[in-house]
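Residue numbers (our numbering): 124 to 368.
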Amino acid sequence: MEKTQSELLYQSGFGMKCVKYLMFIFNFIFWICGIALIALGIYVQVQLNHSILIKNASSSGASIVIIAVGVVISFISFFGCCGAVKENYCMVTTFAVILVLIFLVEITAAIAGYVLKDKILLIDVAQRDFGCCGANNYTDWTTNGPFKDKTHVLDSCCTNETRNCGTNFSIASIHTNGCVEEIYAKIKSNIGIIAGVALGIAFFEILGIIFACCLMKGILSKKLKLNRNKDHRACLDFKRFASPM
124 MEKTQSELLY
134 QSGFGMKCVK
144 YLMFIFNFIF
154 WICGIALIAL
164 GIYVQVQLNH
174 SILIKNASSS
184 GASIVIIAVG
194 VVISFISFFG
204 CCGAVKENYC
214 MVTTFAVILV
224 LIFLVEITAA
234 IAGYVLKDKI
244 LLIDVAQRDF
254 GCCGANNYTD
264 WTTNGPFKDK
274 THVLDSCCTN
284 ETRNCGTNFS
294 IASIHTNGCV
304 EEIYAKIKSN
314 IGIIAGVALG
324 IAFFEILGII
334 FACCLMKGIL
344 SKKLKLNRNK
354 DHRACLDFKR
364 FASPM
């Protein structure tokens, strides 16, 4: 069976070199992005520490999330870059496995977020950031909340949050809209951006997985070829040694 031109090019080493350099460039760009995110997160944290007006935990948490994402991206890209440069099968495989796991986690999270959207809200953070109270409205807390009476809601429902402000509240002092409605409206208004970012991330993850798999195949083929050559030379040496003088 005749081999195609692309297969011959790949086996000759040209295709593997292309994949190797593409994977290196791909991961180097992501490594720079990861470092930039870490720097941005540190900068935001420093600015928050010097700010008199902003001192709450949720604001500080944003910078920590940015730094964490930057560290993860840098870590993954490091494996990709080193694996590509050194043609290290173990590192390239680790890179591919991590990307596949992240991709699966993202899909699982997206499905879970859609199916369990009424149950998995980070309540206090959501209520503060979106100016809402409860899943459907504030009565979710008065009927089903931890207090189970009509005089209590979470403090994060208050328009001006203070300790125990949700006790014996008045309607005028709390947010009455439900968080599901508010979050849905926010997502709907930014659906184009969210979809674009999600598809872009998925595309680059799949591209990284494809590059890694191609490079893994090339590294294995190269090792098999070297082993065959060694076996062939050993066989020739044995025949030369065993043949009569």
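Built from N, CA and C at the ideal position, the CB exists for glycine as well. Since the model is a prediction, treat every value here as computed from it, not as a measurement.
Coarse secondary structure for residue i, derived from DSSP in three states
| i | result |
| --- | --- |
| residue 265 | helix |
| residue 211 | coil |
| residue 260 | strand |
| residue 337 | helix |
| residue 107 | Outside the shown range of the chain, which is 124 to 368, sits residue 107, and nothing can be said about it. |
| residue 381 | Nothing in the structure corresponds to residue 381, since the chain is present only between 124 and 368. |
| residue 255 | coil |
| residue 288 | coil |
Pairwise C-alpha distance: residue j and residue i
| i | j | result |
| --- | --- | --- |
| residue 296 | residue 334 | 56 Å |
| residue 215 | residue 340 | 10 Å |
| residue 179 | residue 152 | Confidence at residue 179 is low in this model, with a pLDDT of 48, below 50, so its placement is unreliable and the value that follows should be read with caution. Approximately 34 Å, taken between the alpha carbons. |
| residue 396 | residue 159 | Since the first residue shown for the chain is 124 and the last is 368, residue 396 is missing from the structure and cannot be characterised. |
| residue 190 | residue 232 | 21 Å |
| residue 329 | residue 344 | 23 Å |
| residue 154 | residue 197 | 5 Å |
| residue 221 | residue 199 | 7 Å |
Beta-carbon proximity list for residue i, same chain, < 8 Å, skipping 5 on both sides
| i | result |
| --- | --- |
| residue 253 | 302, 305, 306 and 309 |
| residue 283 | 296 |
For residue i, the first and last residue of its enclosing alpha helix (DSSP H)
| i | result |
| --- | --- |
| residue 295 | Where residue 295 is concerned, there is no enclosing alpha helix (DSSP H), given that its DSSP letter is neither H nor E. |
| residue 302 | 302-312 |
Pick from the options that is closest to residue i, judged by C-alpha positions
| i | options | result |
| --- | --- | --- |
| residue 226 | 338, 326 and 336 | 326 |
| residue 290 | 149, 275 and 300 | 275 |
| residue 187 | 206, 161 and 348 | 161 |
Cut-off 7 Å between Cβ atoms - residues of its own chain near residue i, not counting five sequence neighbours on either side
| i | result |
| --- | --- |
| residue 223 | 332 |
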